[in-house]
Structures are given as structure tokens and as C-alpha cells.
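Under the working numbering, the residues of the sequence shown are numbered 16 to 129, in order.
Below is one structure, written out as C-alpha cells; the observations come after it.
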Amino acid sequence: MELIFCSPISFSSATRTFILSRTESAPDLLIEILSPSSGAIGKVKKKAVYEQFRVREYWFVEPHYVTVDQFLLVDGKYQLAATNYSSWRIESPQLACLSVELSKMFQAANRFEG
16 MELIFCSPIS
26 FSSATRTFIL
36 SRTESAPDLL
46 IEILSPSSGA
56 IGKVKKKAVY
66 EQFRVREYWF
76 VEPHYVTVDQ
86 FLLVDGKYQL
96 AATNYSSWRI
106 ESPQLACLSV
116 ELSKMFQAAN
126 RFEG
């Protein structure tokens with residue numbers, strides 16, 4: 016069975032940008048926005064693939080529950096670092112410049128729901 020993934024949001028630090036251009040290495044951070052139809056695939060299959068390719072940090076954004084699960088790669092396996100709620104700010108240990116105020120993000124996302 017072939018897995019086909021839609022592109023999640025991804026970020027790479029400046030130190031890995033050079034690596035990306037030469038070896039097509041994995042990004043430092045992937046952000047997956049889950050939907051009811053893609054949730055099971057994202058949480059099981061995609062997570063395993065991203066872990067295999069050593070994506071250092073992975074966020075599961077769950078709009079229905081208004082949460083973001085933040086996973087960090089530790090010794091080749093993802094560990095849940097935090098479940099972040101809509102009133103919190105999430106920061107990436109991989110990308111020091113990245114900090115997201117979740118209430119604003121979810122508020123903006125609600126404008127697109129019908």
C-alpha cells in the first residue's frame with residue numbers, strides 16, 4: 016500500500032537549510048492540522064513515517080478539541096512533550112524564533128468554518 020500525504024506545514028532551522036538543499040533531509044518541525052477524516056491516518060501512519068525520517072518535532076493541531084499535541088523526537092521515538100490548550104502559547108525548542116499564541120490561531124481558523 017502506498018501512502019500519499021498532503022503537505023503539512025514545515026519549518027527548518029538555518030543550520031538544516033543547507034542540509035536540505037544537499038540531501039533533502041527532514042524538516043525540524045511539521046505541523047499537521049487534523050480533520051475527522053484524516054485524524055486516524057495522521058496520528059498513526061503519518062506519525063510513524065515522520066518518526067522514521069527523524070522529523071525532530073511534530074505538532075498535531077486538533078481544531079475540534081482546540082488543542083495542539085507537541086511531540087519531540089527523543090532517541091528516535093516521539094514523546095509527548097505537552098498537550099497545549101487554546102489559552103496557551105506554544106513554543107518550539109527546535110526553532111527558537113517560533114512562538115504561537117493558540118487563542119489567536121484558533122480564532123482565525125474559526126473564521127473559515129461554515
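From the three backbone atoms N, C-alpha and C, an ideal C-beta is built for every residue, glycine too.
Open item on the list: Does residue 94 come out as helix, strand or coil in the three-state DSSP assignment?
Closed with: strand
Task: Chain-order list of residues whose beta-carbon lies under 6 Å from that of residue 48 (same chain, five-residue window excluded) - done: 76
Task: residue 180 burial status per 10 Å Cβ neighbour count (16 or more: buried) - done: Examination of residue 180 is not possible in this model, given that the chain is present from 16 through 129 alone.
Open item on the list: So for residue 118, helix, strand or coil by DSSP?
Closed with: helix
TODO: Could you check if residue 172 is buried or exposed, using at least 16 other CB atoms within 10 Å of its CB as the buried criterion?
DONE: Nothing can be reported for residue 172, as the shown portion of the chain is limited to 16 through 129.
TODO: State the beta-bridge partners of residue 85 as determined by DSSP.
DONE: 74, 97
TODO: Taking all protein chains shown into account, decide if residue 84 is buried (16 or more other Cβ within 10 angstroms of its Cβ) or exposed.
DONE: buried
Open item on the list: Using only the alpha-carbon positions, how far apart do residue 111 and residue 103 sit?
Closed with: 17 Å
Task: Closest by C-alpha distance to residue 93, when choosing among 44, 118, 56, 62 - done: 62
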